[in-house]
Structures are given as structure tokens and as C-alpha cells.
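A short worksheet on the structure shown next.
Number of protein chains: 2
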Amino acid sequence: MSETTKFLLSEDQMPKDWYNIAADLPVPPPAPLHPATQQPIGPADLAPLFPMALIEQEVSTERRIEIPEPVREVLRLWRPSPLIRARRLEKALGTPAKIYFKYEGVSPAGSHKPNSAVPQAWYNGQAGVKKLATETGAGQWGSSLAFAGSLFGLDITIYQVRVSYDQKPYRRALMETYGARCVASPSNETQSGRAVLAQNPNHLGSLGIAISEAVEVAALNEDTKYALGSVLNHVLLHQTIIGEEAMLQLEMAGDDPDVVIGCTGGGSNFAGIAFPFIGMQLRGGASVKQRRIIAVEPAACPSLTRGKYAYDFGDTAHLTPLVKMHTLGSTFTPAGFHAGGLRYHGMAPLVSHVKELGLIEARAYHQTACFEAGVMFARAEGIVPAPEANHAVRCAIDEALRCKAEDRAKTILFNLSGHGHFDMAAYQNYLSGGLVDQDYDEGELAMALSGLPNVG
Amino acid sequence: MSETTKFLLSEDQMPKDWYNIAADLPVPPPAPLHPATQQPIGPADLAPLFPMALIEQEVSTERRIEIPEPVREVLRLWRPSPLIRARRLEKALGTPAKIYFKYEGVSPAGSHKPNSAVPQAWYNGQAGVKKLATETGAGQWGSSLAFAGSLFGLDITIYQVRVSYDQKPYRRALMETYGARCVASPSNETQSGRAVLAQNPNHLGSLGIAISEAVEVAALNEDTKYALGSVLNHVLLHQTIIGEEAMLQLEMAGDDPDVVIGCTGGGSNFAGIAFPFIGMQLRGGASVKQRRIIAVEPAACPSLTRGKYAYDFGDTAHLTPLVKMHTLGSTFTPAGFHAGGLRYHGMAPLVSHVKELGLIEARAYHQTACFEAGVMFARAEGIVPAPEANHAVRCAIDEALRCKAEDRAKTILFNLSGHGHFDMAAYQNYLSGGLVDQDYDEGELAMALSGLPNVG
Numbered sequence: 001m002s003e004t005t006k007f008l009l010s011e012d013q014m015p016k017d018w019y020n021i022a023a024d025l026p027v028p029p030p031a032p033l034h035p036a037t038q039q040p041i042g043p044a045d046l047a048p049l050f051p052m053a054l055i056e057q058e059v060s061t062e063r064r065i066e067i068p069e070p071v072r073e074v075l076r077l078w079r080p081s082p083l084i085r086a087r088r089l090e091k092a093l094g095t096p097a098k099i100y101f102k103y104e105g106v107s108p109a110g111s112h113k114p115n116s117a118v119p120q121a122w123y124n125g126q127a128g129v130k131k132l133a134t135e136t137g138a139g140q141w142g143s144s145l146a147f148a149g150s151l152f153g154l155d156i157t158i159y160q161v162r163v164s165y166d167q168k169p170y171r172r173a174l175m176e177t178y179g180a181r182c183v184a185s186p187s188n189e190t191q192s193g194r195a196v197l198a199q200n201p202n203h204l205g206s207l208g209i210a211i212s213e214a215v216e217v218a219a220l221n222e223d224t225k226y227a228l229g230s231v232l233n234h235v236l237l238h239q240t241i242i243g244e245e246a247m248l249q250l251e252m253a254g255d256d257p258d259v260v261i262g263c264t265g266g267g268s269n270f271a272g273i274a275f276p277f278i279g280m281q282l283r284g285g286a287s288v289k290q291r292r293i294i295a296v297e298p299a300a301c302p303s304l305t306r307g308k309y310a311y312d313f314g315d316t317a318h319l320t321p322l323v324k325m326h327t328l329g330s331t332f333t334p335a336g337f338h339a340g341g342l343r344y345h346g347m348a349p350l351v352s353h354v355k356e357l358g359l360i361e362a363r364a365y366h367q368t369a370c371f372e373a374g375v376m377f378a379r380a381e382g383i384v385p386a387p388e389a390n391h392a393v394r395c396a397i398d399e400a401l402r403c404k405a406e407d408r409a410k411t412i413l414f415n416l417s418g419h420g421h422f423d424m425a426a427y428q429n430y431l432s433g434g435l436v437d438q439d440y441d442e443g444e445l446a447m448a449l450s451g452l453p454n455v456g
Numbered sequence: 001m002s003e004t005t006k007f008l009l010s011e012d013q014m015p016k017d018w019y020n021i022a023a024d025l026p027v028p029p030p031a032p033l034h035p036a037t038q039q040p041i042g043p044a045d046l047a048p049l050f051p052m053a054l055i056e057q058e059v060s061t062e063r064r065i066e067i068p069e070p071v072r073e074v075l076r077l078w079r080p081s082p083l084i085r086a087r088r089l090e091k092a093l094g095t096p097a098k099i100y101f102k103y104e105g106v107s108p109a110g111s112h113k114p115n116s117a118v119p120q121a122w123y124n125g126q127a128g129v130k131k132l133a134t135e136t137g138a139g140q141w142g143s144s145l146a147f148a149g150s151l152f153g154l155d156i157t158i159y160q161v162r163v164s165y166d167q168k169p170y171r172r173a174l175m176e177t178y179g180a181r182c183v184a185s186p187s188n189e190t191q192s193g194r195a196v197l198a199q200n201p202n203h204l205g206s207l208g209i210a211i212s213e214a215v216e217v218a219a220l221n222e223d224t225k226y227a228l229g230s231v232l233n234h235v236l237l238h239q240t241i242i243g244e245e246a247m248l249q250l251e252m253a254g255d256d257p258d259v260v261i262g263c264t265g266g267g268s269n270f271a272g273i274a275f276p277f278i279g280m281q282l283r284g285g286a287s288v289k290q291r292r293i294i295a296v297e298p299a300a301c302p303s304l305t306r307g308k309y310a311y312d313f314g315d316t317a318h319l320t321p322l323v324k325m326h327t328l329g330s331t332f333t334p335a336g337f338h339a340g341g342l343r344y345h346g347m348a349p350l351v352s353h354v355k356e357l358g359l360i361e362a363r364a365y366h367q368t369a370c371f372e373a374g375v376m377f378a379r380a381e382g383i384v385p386a387p388e389a390n391h392a393v394r395c396a397i398d399e400a401l402r403c404k405a406e407d408r409a410k411t412i413l414f415n416l417s418g419h420g421h422f423d424m425a426a427y428q429n430y431l432s433g434g435l436v437d438q439d440y441d442e443g444e445l446a447m448a449l450s451g452l453p454n455v456g
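Protein chains in written order, with the UniProt record's numbering: chain X, 1 to 456; chain S, 1 to 456.
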């Protein structure tokens with residue numbers, strides 16, 4: 001008798017709608033504000049950037065939002081993604097805990113990002129939009145939007161953080177293979193970019209700057225809209241398909257997690273796995289199992305654990321609305337650690353909100369500990385996780401070891417948000433002993449926080 | 001009503017045995033010969049290199065050979081692999097043909113190679129072997145054996161062709177992440193390597209040289225055996241799980257292929273998809289559907305289409321037995337095109353044999369045409385194929401376009417042997433217009449063929 005390793009759903013079992021946590025929150029999240037008026041923004045303020053269907057999702061309080069069939073048709077290229085029981089890792093750890101992971105690395109771009117790139121591209125296409133501008137750090141989001149754009153015939157321009165553009169040419173090649181145009185940011189193509197270059201022609205760039213460039217292009221060009229890979233409500237909404245599938249798969253496995261874990265940068269993959277479980281708790285109250293939900297972030301960019309919960313800008317040039325979130329300040333520049341997807345000064349407002357409500361825990365790890373966990377995972381389960389996902393792996397292993405120490409057979413679920421095949425230089429760095437644990441600079445953090453906008 | 005995209009098997013439906021084409025061949029393939037005596041070799045001659053269980057598989061004529069449960073347990077980490085209907089590609093081509101592909105890129109190493117690496121590592125472990133030596137070109141086989149070694153606690157040493165070792169550090173990082181040791185070949189660790197370096201200290205290496213180094217280490221060290229990633233009968237046997245699964249999945253789809261396509265270097269992924277179908281034809285005779293089975297190779301290394309069917313060595317230093325195969329001569333050095341996994345002077349004896357029996361067709365393509373097909377495939381289906389797999393994609397597209405021209409709705413099946421995430425430099429080269437179609441040199445080929453051993 002063989003024990004099942006992978007819990008697979010048929011295409012028919014793929015969720016037909018997304019789960020919107022806004023429907024179940026006991027307190028609504030603070031509204032985004034217009035930076036000039038400091039008044040709540042309305043749909044019209046967002047219309048230059050997004051098509052109306054996505055704006056409606058951004059503000060919706062409907063619990064379930066239908067996934068359009070043309071979007072489902074594309075998602076079926078790789079979804080439902082597998083839920084895998086990490087039996088070999090359990091044995092290697094000698095833990096009584098059961099460890100499950102949801103594996104999002106099976107997508108064409110190798111991460112969870114296409115879950116939102118595909119609907120964003122489709123809704124824009126439906127609205128007659130021909131061009132999308134976006135930013136990317138390590139390139140996971142950029143390659144996902146490039147992929148989605150190729151399917152729906154959209155022109156995609158991607159402002160890629162200069163340091164990644166130079167250091168990770170293979171991610172760029174992936175974007176170009178899908179037909180997208182990649183521009184090193186800061187660039188000469190925008191006023192935001194030129195302003196930065198005027199001060200420092202060799203600026204390495206940042207996500208905040210790249211966002212400014214993409215937003216500016218969308219705001220100034222009638223035929224161009226903007227797409228963001230995390231942070232916004234509608235992006236988190238699209239990612240809930242991860243947790244919705246995981247629930248069905250855990251049911252197949254006859255199991256129910258005690259702990260749910262995801263890594264957090266902007267917050268989308270974490271929300272994807274966590275929000276459906278949080279929603280179940282919110283709706284069921286004391287009658288349902290109370291789970292621990294853990295968001296894991298890099299110690300060098302610790303917005304949830306060290307940031308201030310305050311109104312801040314999402315970008316450097318201050319072109320975005322003000323949103324209330326855990327932030328390190330929009331001028332904070334994280335150290336150049338390897339998990340590029342987690343190098344963002346802020347946090348998704350919805351993730352920050354559930355943190356404030358006490359619905360989730362947050363934890364920060366240094367990168368050496370994360371790579372150690374990633375290598376242990378690879379040698380047990382075969383899959384080499386992306387540096388971002390290693391944060392979740394580290395936490396899952398620590399929880400499993402705690403179960404061992406306490407002799408408690410808990411069930412742990414984590415999201416393995418992507419594979420590390422594009423990140424082998426980082427592993428090389430770790431294996432050669434060259435990896436350094438970076439911390440944020442207390443003085444720089446204090447300075448960045450002191451520059452927060454003065455809002456109510 | 002949505003149309004199914006992926007045809008998935010449950011873990012229980014994964015084949016429990018491998019298919020051995022030797023049981024169904026009308027004529028047995030010519031025996032391997034001992035280079036000194038030119039007499040057929042026996043199991044004892046192979047014993048220094050392989051454990052007895054694999055030697056038995058090498059010479060077996062049993063039709064079905066059971067897959068040991070511990071091997072199945074590991075294969076279940078990613079198998080059964082999906083069979084996918086390329087509906088978007090069909091639409092993009094405007095063809096009446098149906099195109100299915102078996103996707104082997106879902107394995108931890110990203111290709112079909114672990115299908116044989118896992119059983120090879122397991123059988124060696126069962127025989128008490130502690131160390132394995134092997135060679136790798138681009139790194140697909142090396143990373144697969146490194147992965148398998150990590151699961152069964154074997155020390156793995158990989159002689160990686162120098163030019164790949166230098167140009168593809170990320171594949172090396174993957175091997176090291178799994179705990180293997182990687183050595184640039186030619187190396188100073190072996191007599192074969194030192195002999196080459198003495199003539200040319202900057203030699204770029206070749207698969208033939210790397211095989212010599214690994215075989216030498218295994219032959220001289222009691223505790224070390226040798227593992228090969230293609231060519232040998234037992235390797236092809238292990239890959240038949242691809243075709244066996246595909247047959248079950250096509251049955252689910254209610255379809256039956258008219259054309260079956262695989263790319264060929266050493267021949268293992270091609271045999272994996274093709275042999276089960278050839279076996280069905282051999283057993284059923286005229287009563288079963290006669291399919292076209294097409295092996296696709298690089299025009300710059302065209303063993304099946306331009307080589308001589310003759311006895312030759314598998315390596316440069318002539319340490320291997322003589323096998324009858326389509327060969328370009330063991331001193332032939334293929335041009336440095338991107339499909340490194342197809343840069344081998346010979347061909348699997350069993351693939352050569354079925355070619356001689358008229359059971360398969362062979363076709364050669366230049367690399368630019370293959371990358372053009374790969375980019376078209378990526379933009380339609382999302383998956384970026386490995387440069388090797390692009391040869392199969394090109395052929396499938398050409399067959400589909402022929403169906404369009406002739407208005408015939410044929411069913412095409414091809415094996416997508418691996419993803420291209422480690423090969424984005426090659427795509428970059430193609431996209432930038434820098435890719436050159438290389439041909440073999442007629443003079444060099446004639447010279448290499450003139451050096452073939454003089455065997456009855």
C-alpha cells in the first residue's frame with residue numbers, strides 16, 4: 001500500500017470564483033486617501049490606471065467574485081496546482097508533524113504571479129486597453145505579465161529595477177521571449193526616472209522608483225494602463241485561488257492544518273494561501289478550529305515586524321494614493337539580499353489590517369537561515385525553492401521541529417510560491433559560504449519613517 | 001462547457017512496470033563487443049561499472065520489468081506527468097490537427113532525466129555502492145543524478161564538460177545544491193583527462209572525454225560505479241514510463257496519435273515516448289494503427305540522418321565496449337550549438353536498430369528554426385521549452401502545418417522533455433539575432449568516420 005504524495009484536483013474542481021476577505025472583516029480597512037486632498041479616493045481617481053472591472057474588485061465587499069471563463073481557460077494550463085505532503089522532509093526532521101505544501105512553481109513563469117497577471121491582462125483587454133506598463137524587481141511579476149500579455153495580445157512594457165536588469169539577464173530573456181519590452185529603471189523614458197538619474201546617473205534602482213515610472217506612463221498615455229503584481233486588494237483576491245484549492249485538497253487528504261504559513265513581500269502569495277482560512281475563522285467564530293496563520297518576512301526588510309502602521313505612498317515619486325499599511329517609509333532602500341521579491345518598503349493594506357486585528361502572526365528571518373532550510377528541503381523533496389519561498393520553508397521547518405520538541409503531531413501547511421531555477425546564483429553564493437546576513441540600518445529606518453506623510 | 005486542457009493520472013495509475021522493447025523486436029540488436037577481443041561482452045565485463053540489477057536490465061528480453069516500490073515512491077514526487085492538449089498552439093497555427101504534448105519539465109531537475117537517475121541511484125544503493133561517477137554536458141543529467149543521489153545517500157561526482165562548467169554556472173549550482181561534487185572535464189583527476197590536458201591545457205571538453213573520465217574512476221575504484229544518462233538499454237527502459245503514461249492519458253482523451261515525435265541526442269527521451277507505441281505496432285502487426293514515429297536531431301550533430309551505422313566507442317578514450325549505432329565517429333566534435341543535451345557523436349543502439357528496421361523516421365533541423373518554434377510555443381502555451389525539446393516542437397508544428405495544407409485532422413503527440421528556464425541565455429542569443437545555424441564540417445566528419453574501429 002503506497003501513501004499518497006500529491007493531492008491533485010481535476011480541472012473541473014478548480015474554484016470558479018475568488019474569495020474576497022473584505023466581505024468577512026469585522027472592521028473595514030482604512031480607506032486609501034488622495035495625497036493632495038487627504039480625502040478617500042473614489043473609482044474615478046483610479047480610472048487612469050486601471051480598467052473599471054479591476055477597480056470594482058478593488059473596492060468590492062462581495063464574498064465571492066466569479067472567475068471569467070476565458071481566465072479559467074488559461075489558468076487550466078497549469079492549475080489546479082498540486083498540494084504535496086512533504087513525507088521525506090518529515091522523515092529527515094524526525095518530526096511527528098505533518099507538513100503539506102502548495103506548489104505554485106508549476107506555472108509557466110515558475111511562481112504564483114500568473115494567478116493575477118492573467119486576469120489583469122484579460123480585464124484590460126476586455127476594456128479595450130492595448131498597452132500595459134508595470135514594474136518588476138527580480139522579474140517574477142514581469143515575466144508573468146509578459147506571459148499573460150502574449151496570450152491576450154497586449155503590448156507589455158516592464159520597468160525592471162536596474163540592479164536586477166544587469167544581474168539577472170535570464171529573467172529579462174524570459175520576458176522578451178514572451179514578447180514584452182524590458183527597460184532598466186531608473187530610465188530616461190519618464191520624468192520620474194530622469195529626476196533620479198539627474199541626481200545619480202548610476203542609480204541601482206528600486207521597486208518604488210520602478211513603480212513611479214510605470215504609473216507615470218499609464219497616467220500620461222490614454223492607451224496605456226498600469227498593472228501591479230502585489231499589494232492591491234484585487235491582486236490579493238486573484239491569489240486566493242491558492243488557498244481555495246488547498247482547502248479542497250486537504251479535505252481529500254483528510255487533514256486540517258493547525259498552522260498556515262506564507263512568505264510576505266507585498267503580501268500576495270501570503271494572502272492567497274491565508275485569507276480563505278482566515279475567512280473561515282471569521283465566519284465560524286469560536287465554532288471552527290482556530291489556526292495559527294504566520295506571515296514570514298526578511299529580517300532586512302521587516303515591514304510587518306518593525307515597520308510603522310501608517311499612511312504612506314506605494315512609490316518613491318509619490319504618484320500613488322496614500323494607503324494605510326505597515327511601512328518602513330517610501331524612501332527606505334532595503335539591502336540587496338537575494339529574495340528580491342520581498343524587497344518592498346510597504347505591505348498590502350489588507351495584510352496589514354488583519355495583522356492589526358490580531359488575526360495573523362508575523363516573523364522575520366535572516367537569509368542564511370532561509371537558504372539552509374531551502375537546501376535541506378531540496379535534498380529531501382527535490383524541489384529547489386525560490387529565495388522568497390525559503391522564508392516559508394524555514395518557518396515550516398521550525399514549526400515542525402517545535403512539534404518534535406513538544407511531541408505534538410500538528411499539521412502544517414505552507415505555500416511554496418515558486419521554484420528557484422532562476423535564482424541559482426543565490427544558492428551558489430550560499431553554498432560557497434559567501435552569503436552575508438544583512439540587517440536594516442536603524443538610523444536609515446528612523447530617517448525614512450520620519451519622512452512619512454503627515455496624515456490624520 | 002469547458003474543454004479539458006490537461007489529462008492527469010492519479011498516483012495509483014502510474015505504471016508499475018517499465019516496457020522493454022527487446023521482447024518485441026523481430027530481430028535482436030547486434031551485441032556489444034569487447035574492444036580487445038571483438039567478442040560479445042558478458043555481464044562480468046560490465047560488473048566493474050554497474051550493479052548486477054542494471055546489467056540484467058541491460059540484457060533482459062522480458063517485456064515488462066517491475067518498478068521497485070521505493071523508486072515509485074520517489075517518482076511520485078512529480079509523476080505521473082501531465083499530458084497537455086496544446087489548444088492555443090493549434091489555434092495560433094490554424095491547423096485542423098490535434099496536438100498533444102507530454103510534459104516532463106515538471107520534475108525537480110526540470111527534465112525527463114530523473115526518470116532514470118532515480119532507479120539507477122536506488123539499484124546502486126541496494127548493491128551497497130556508496131559513490132557514483134558520471135558525466136554531464138549541459139547539466140541536465142548531472143543535476144538529475146545529483147538529486148537522486150541526495151535521496152539515497154550516495155556520493156555523486158560529476159565530470160562536467162568544461163565549456164558548460166564555465167558557461168552554465170547555474171546548472172552547476174543546482175548540482176551542488178543537491179550535494180554533488182562537480183569537476184570541470186578534462187580534469188587532472190584522471191589519466192584520460194590528464195592525457196587531453198597534456199595536449200591542450202585549454203581544451204573545452206566534450207561528452208566523449210567526460211564519459212572517459214567517469215568510466216575510468218568507476219573502473220579503478222572498488223567503491224565507485226558509473227552511471228550514464230542515455231544511450232544504454234536500461235536507461236531507455238526507465239524512460240518508457242513516459243510513453244506508458246501517455247497511452248493511458250490519450251485513452252482518457254479519447255484520442256490515438258497518428259504521429260509520435262521526440263528529439264534525439266543519446267536517444268532516451270525519444271525512446272521513452274516512442275518505444276511503447278512501436279511495441280504495440282510490433283505485437284499487433286497489421287491489425288493495429290500504423291503510426292509515424294519521428295526522431296528529431298540537430299542538423300549540426302546528425303548521427304541518425306548522416307552518421308554511419310557501425311560499431312564504435314561511446315567515449316573518446318575508448319574505455320567503453322563497442323556498440324553498433326549510428327555514429328559520427330568518436331573523435332567528431334559537434335559545433336557549440338545550444339541544445340547541449342543533443343551534442344553526442346553516437347546514438348542509442350536500440351534507437352539505431354529500430355531505425356534500421358524501418359520502424360522510425362529521422363529528421364534534422366537547424367537551431368534557428370527550432371528556437372523560432374520554441375518562442376511560438378511559449379507565446380501560445382506559456383511553457384518555454386529547453387533548446388533540446390525545441391527540436392520536437394519544430395517537428396510537431398511542421399506536421400500540424402502539413403495537416404493544414406492538406407486539410408487532414410491528424411493527431412500529433414510529442415514529448416516536451418524539459419523546460420528552458422536554465423537556458424535563457426540561448427533564447428537571449430536567438431532574440432537578439434545573434435544565433436547562427438551551424439553545420440558539421442564534411443571534412444571533419446569524413447575524418448572521424450575514417451577512424452571507426454575496424455570490426456567485422
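Glycine included, C-beta positions come from ideal geometry on N, C-alpha and C.
**Prompt:** Along chain X, which residues have their Cβ under 7 Å away from the Cβ of S/VAL106?
**Reply:** What S/VAL106 touches in chain X, judged by beta-carbon distance under 7 Å, is VAL106, going in chain order.
**Item:** Candidates X/ALA389, X/LEU359 and X/ALA362: closest to X/GLU372 by CA position
**Value:** If we check each option's Cα against that of X/GLU372, X/ALA389 comes out closest.
**8 Å Cβ shell around X/ARG72 - same chain, five flanking residues per side excluded** = Within the same chain, X/ARG72 has close Cβ partners MET14 and LYS16.
**Asked** Are any of the Cβ atoms in chain X nearer than 8 Å to that of S/THR4?
**Response** Under the Cβ distance rule, S/THR4 counts among the residues neighbouring chain X, one pair being separated by less than 8 Å.
**Message:** Which residue wins for smallest C-alpha separation from X/SER187, given the options X/THR177, X/ILE158 and X/ARG172?
**Reply:** That would be X/ILE158, whose Cα lies nearest to the Cα of X/SER187.
**Message:** Below 9 Å on C-beta distance, what does S/ILE383 contact in chain C?
**Reply:** Of the protein chains in this structure, namely X and S, none is chain C.
**Message:** Does S/MET52 pass the burial test, meaning 16 or more other C-beta atoms within 10 Å, or should it be called exposed?
**Reply:** Looking at its Cβ environment, which holds fewer than 16 other Cβ atoms inside 10 Å, S/MET52 is exposed.
**Message:** Using only the alpha-carbon positions, how far apart do X/ASP315 and X/GLU135 sit?
**Reply:** Distance between the alpha carbons of X/ASP315 and X/GLU135: 11 Å.
**Asked** With which residues is X/PRO298 paired in a DSSP beta bridge?
**Response** As DSSP reads the structure, X/PRO298 sits in a beta bridge with X/TYR365.
**Message:** For chain X, check one thing: does any of its Cβ atoms lie closer than 8 Å to the Cβ of S/GLN160?
**Reply:** Chain X, which has no Cβ nearer than 8 Å to the Cβ of S/GLN160, makes this no.
**Asked** In chain order, which beta strand (DSSP E) runs of at least 3 residues are fully inside the region 55–81 of chain X?
**Response** For the region 55–81 of chain X, whole beta strand (DSSP E) runs of length 3 or above, ordered along the chain, are 64–66.
**Request:** Determine the DSSP secondary structure at S/HIS326, reduced to helix, strand or coil.
**Result:** In the three-state reduction of the DSSP assignment, S/HIS326 falls in the strand class, which pools E and B.
**Message:** Considering only the alpha carbon of each residue, which of S/ASP223, S/PRO40 and S/ALA219 lies closest to S/ASP155?
**Reply:** Of the listed residues, the one whose Cα sits closest to S/ASP155 is S/ASP223.
**Prompt:** Taking Cβ positions only, does X/PRO453 come closer than 8 Å to chain S?
**Reply:** No Cβ of chain S is located within less than 8 Å of the beta carbon of X/PRO453.
**Item:** S/GLY272 beta carbon less than 8 Å from that of S/THR240
**Value:** With contacts defined as CB atoms closer than 8 Å, S/THR240 and S/GLY272 qualify as a contacting pair.
**Asked** To which residues does DSSP link S/TRP18 through a beta bridge?
**Response** Per DSSP, the beta-bridge partners of S/TRP18 are S/ILE65.
**Prompt:** In three-state terms, what does DSSP make of S/PRO169?
**Reply:** Annotated three-state conformation of S/PRO169 is helix, per DSSP.
**Prompt:** Is S/THR305 helix, strand or coil by DSSP?
**Reply:** Assigned with DSSP and collapsed to three states, S/THR305 falls in helix.
**Message:** Can you pull the chain X neighbours of S/SER150, defined as C-beta to C-beta under 7 Å?
**Reply:** By Cβ distance, chain X contributes ARG379.
**Item:** Under the three-state DSSP convention, the category S/LYS404 falls into
**Value:** S/LYS404 falls in the helix class under three-state DSSP.
**Prompt:** Looking only at DSSP bridge pairs, what is residue 457 of chain S linked to?
**Reply:** Residue coverage of chain S in this structure runs from 1 to 456, which leaves residue 457 of chain S outside it and unanswerable.
**Message:** With DSSP as the reference, identify every bridge partner of S/THR411, one or two as the case may be.
**Reply:** Answer is S/LYS98, bridged to S/THR411.
**Request:** Look up S/VAL259 in the DSSP assignment and give the residues it is bridged to.
**Result:** Residue pairing by DSSP puts S/VAL259 in a beta bridge opposite S/ARG292 and S/ILE412.
**Request:** Spell out the partners DSSP gives X/ILE84 in its beta bridges.
**Result:** In the DSSP output, where bridge partners are listed per residue, X/ILE84 has X/LYS6 and X/PHE101.
**X/MET1, DSSP secondary structure in three states** = For X/MET1, the predicted structure reports a pLDDT of 47, less than 50, and the residue's modelled location is therefore unreliable. A value from the coordinates is still provided. DSSP places X/MET1 in coil when its eight states are reduced to three.
**Closest residue to X/GLU453 among X/LEU33, X/ASP12, X/GLU11 and X/LYS6 (Cα-Cα distance)** = What sits at residue 453 of chain X in the sequence shown is Pro, not Glu. Looking at the Cα atoms, X/LEU33 is the closest of the given residues.
**Request:** Provide the residue span of the alpha helix (DSSP H) that contains S/GLU215, from first to last.
**Result:** Residue identity check: residue 215 of chain S is Val in the sequence provided, not Glu. Under the DSSP assignment, S/VAL215 falls in the alpha helix (DSSP H) whose first and last residues are 207–220.
**Message:** Am I right that X/GLY243 and X/PHE275 are in contact with their C-beta atoms under 8 Å? What's the rounded C-beta distance?
**Reply:** Sure, about 6 Å apart at Cβ, within 8 Å.
**Item:** Best match in X/LEU9, X/LEU449, X/GLY205 and X/LEU248 for proximity to X/GLY340 [C-alpha to C-alpha]
**Value:** Residue X/GLY205 is the option with its Cα nearest to X/GLY340.
**Asked** Roughly how many whole angstroms lie between the Cα atoms of X/GLY307 and X/ALA369?
**Response** Near 22 Å, if we compare the C-alpha coordinates of X/ALA369 and X/GLY307.
**Host beta strand (DSSP E) of X/VAL183 (start-end)** = Where X/VAL183 is concerned, the enclosing beta strand (DSSP E) stretches over 181–185.
**Asked** Along chain S, which residues have their Cβ under 8 Å away from the Cβ of X/LEU431?
**Response** What X/LEU431 touches in chain S: ALA173, GLU176 and THR177.
**Message:** According to DSSP, simplified to helix, strand and coil, what is S/ALA109?
**Reply:** If DSSP states are grouped into helix, strand and coil, S/ALA109 belongs with coil.
**Asked** Under three-state DSSP, which class holds S/PHE147?
**Response** Helix at S/PHE147.
**Asked** Can you find a C-beta in chain S that's less than 8 Å from the C-beta of X/PHE332?
**Response** Not an interface residue.
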